[in-house]
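Read through the structure below, which is laid out as structure tokens, and then see the notes.
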Amino acid sequence: MQVLPCPFCGPRSEGEFHFAAETGKTRPDTTRDVSAEKWAAYLFDQTNEKGVTREIWIHLPCAEVFVMSRDSVTMDVLGTETLRKLPT
Ligand SMILES: [Zn+2]
35 MQVLPCPFCG PRSEGEFHFA AETGKTRPDT TRDVSAEKWA AYLFDQTNEK
85 GVTREIWIHL PCAEVFVMSR DSVTMDVLGT ETLRKLPT
């Protein structure tokens, strides 16, 4: 079992995490009609990049959503970034 880092809780077992999406996707504009094909593409199409990827993950116990950079070949985690705006 792999240990993944939550930017808020620290290292935790991979079973506590859920993959949410690849980064860089733009949600369809819901103020206009969105076809089923467009929704399906947004929800289910993945590029599955080989190598370094940036993905959105959720740490289920703390419910925080964050970006994880990892190598999809070696499974090495390269870093995490919060999606919160932290006070400056
Ligand atoms: Zn957490």
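The opening residue of the sequence shown carries number 35 in the working numbering; numbering runs sequentially from there. The C-beta atom is built at its ideal place from N, Cα and C for all residues, glycine as well. The structure displayed is predicted, hence computed values, not measured ones.
Give me the residue from Phe51, Glu115, Pro95, His93 with the minimum Cα distance to Val101. The candidate whose alpha carbon is nearest that of Val101 is Glu115.
Proximity winner among Ser47, Cys43, Phe42, relative to Gln36 (alpha-carbon distances): Out of Ser47, Cys43, Phe42, Ser47 has the C-alpha closest to the C-alpha of Gln36.
Hey, would you say Glu89 sits closer than 8 Å to Glu56, going by beta carbons? A contact, by the Cβ cut-off of 8 Å.
State the start and end residues of the unbroken alpha helix (DSSP H) segment that holds Ala70. Residues 70-78.
Pick out whichever of Tyr76, Val99, Asp110, Ala74 has its Cα sitting closest to the Cα of Pro41. When each option's Cα is compared against that of Pro41, the closest is Val99.
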